[in-house]
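Per UniProt numbering, residue 1 is the first one in the sequence shown, and the count goes up by one each step.
We treat Cβ as the ideally placed atom computed from N, Cα and C, and that holds for glycine.
Predicted, not measured: the structure shown is a model, and the values here were computed from it.
Data block below; observations after.
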Amino acid sequence: MSVPAHEAADRCRAFHQVMDQRRTVRDYSTRPLPEGVVEWAVRTAATAPSGAHVQPWRFVVITDPERKRRLREAAEAEEREFYDHRASEEWLAALAPIGTDWRKPFLEDAPAVIVVFEVHKGPHSPRPYYTKESVGIAVGFLLSALHQAGLATLTHTPSPMRFLNEVCDRPPEERAAYVIPVGYPAEDARVPDLVRKPLDEVMVRL
Numbered sequence: 001m002s003v004p005a006h007e008a009a010d011r012c013r014a015f016h017q018v019m020d021q022r023r024t025v026r027d028y029s030t031r032p033l034p035e036g037v038v039e040w041a042v043r044t045a046a047t048a049p050s051g052a053h054v055q056p057w058r059f060v061v062i063t064d065p066e067r068k069r070r071l072r073e074a075a076e077a078e079e080r081e082f083y084d085h086r087a088s089e090e091w092l093a094a095l096a097p098i099g100t101d102w103r104k105p106f107l108e109d110a111p112a113v114i115v116v117f118e119v120h121k122g123p124h125s126p127r128p129y130y131t132k133e134s135v136g137i138a139v140g141f142l143l144s145a146l147h148q149a150g151l152a153t154l155t156h157t158p159s160p161m162r163f164l165n166e167v168c169d170r171p172p173e174e175r176a177a178y179v180i181p182v183g184y185p186a187e188d189a190r191v192p193d194l195v196r197k198p199l200d201e202v203m204v205r206l
């Protein structure tokens with residue numbers, strides 16, 4: 001794609017203005033998603049660069065209410081253990097301003113939940129390279145595409161995640177990395193009043 005030099009900064013500025021409005025949402029409406037939007041967002045995610053172009057990702061889209069119920073129950077069991085026993089006081093203090101706890105109603109409320117798996121070497125998959133980096137970039141593309149469509153998301157990372165293989169009927173060589181509810185914010189949705197770091201704190205010129 002060729003972009004005239006005089007348009008380049010304006011295009012970056014316009015994209016930034018859209019993405020700067022993105023917020024993590026934990027309160028979802030049950031309003032259905034537009035037809036085809038998740039499929040196009042996943043297609044966009046799958047354009048991400050990957051080590052040796054192995055494309056080591058699998059996007060499992062859950063819309064079935066019973067499957068989402070099972071997902072929530074299993075995730076909350078792990079999260080309760082995390083908040084009660086595994087998280088350090090420092091970690092809990094960092095989470096406190098956001099107001100999170102072990103309860104994850106968004107896993108049932110959101111009309112779709114995308115579970116993103118890393119695909120490792122298996123009977124029908126080659127050895128991947130830079131797997132976490134590749135999948136992380138793809139998830140960034142996914143979140144950007146969904147935000148462009150006017151949808152809200154959340155990146156949920158329960159630990160450990162092995163229960164997701166059973167919930168999603170995935171083979172052992174696939175390892176869950178992200179759980180992403182997708183939908184419209186509830187009318188009474190609240191988001192933390194967060195401030196992003198200015199450019200001079202995140203960029204260094206040499």
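Residue from the options with nearest C-alpha to residue i
i: residue 136; options: 19, 179, 20; result: 179
i: residue 120; options: 41, 195, 177, 9; result: 177
i: residue 158; options: 172, 140, 81; result: 81
i: residue 128; options: 55, 156, 149; result: 55
i: residue 86; options: 160, 191, 196; result: 160
i: residue 147; options: 106, 38, 5, 3; result: 38
i: residue 131; options: 92, 173, 149; result: 173
i: residue 19; options: 64, 152, 8; result: 152
i: residue 22; options: 206, 182, 2; result: 182
i: residue 73; options: 163, 205, 189; result: 163
i: residue 191; options: 100, 206, 91, 126; result: 100
Buried/exposed call for residue i, threshold 16 Cβ in 10 Å
i: residue 12; result: exposed
i: residue 89; result: exposed
i: residue 196; result: exposed
i: residue 15; result: exposed
i: residue 156; result: buried
i: residue 194; result: exposed
i: residue 202; result: exposed
i: residue 118; result: buried
i: residue 95; result: exposed
i: residue 205; result: exposed
i: residue 92; result: exposed
i: residue 199; result: exposed
Where the alpha helix (DSSP H) through residue i begins and ends
i: residue 137; result: 131-148
i: residue 42; result: 37-45
i: residue 19; result: 5-19
i: residue 200; result: 199-202
i: residue 194; result: Unbroken run through residue 194: none, as it is neither H nor E.
i: residue 163; result: 163-168
i: residue 65; result: 65-81
i: residue 91; result: 89-95
For residue i, the first and last residue of its enclosing beta strand (DSSP E)
i: residue 58; result: 57-62
i: residue 185; result: Looking at the DSSP string, residue 185 is not in any beta strand (DSSP E), and its letter there is neither H nor E.
i: residue 118; result: 112-119
Chain-order list of residues whose beta-carbon lies under 6 Å from that of residue i (same chain, five-residue window excluded)
i: residue 24; result: 154
i: residue 109; result: 28
i: residue 184; result: 29, 31
i: residue 149; result: 37
Same chain only: Cβ atoms within 7 Å of residue i, ignoring 5 sequence neighbours per side
i: residue 186; result: 27, 28, 29
i: residue 76; result: 102, 103, 104
i: residue 61; result: 38, 112, 114
i: residue 122; result: 171, 173
i: residue 68; result: 62, 107, 108, 113
Same chain only: Cβ atoms within 8 Å of residue i, ignoring 5 sequence neighbours per side
i: residue 134; result: 48, 49, 50, 51, 54, 55, 56, 57, 128
i: residue 145; result: 40, 41, 44, 45
Proximity test, residue i beta-carbon vs the ligand ADP heavy atom, cut-off 7 Å
i: residue 136; result: This structure lacks the ligand ADP, and indeed carries no ligand of any kind.
Three or more C-beta pairs below 8 Å linking the stretch 110-117 and the stretch 73-90: no
The stretch 126-144 touching the stretch 158-168, judged by at least three CB pairs closer than 8 Å: no
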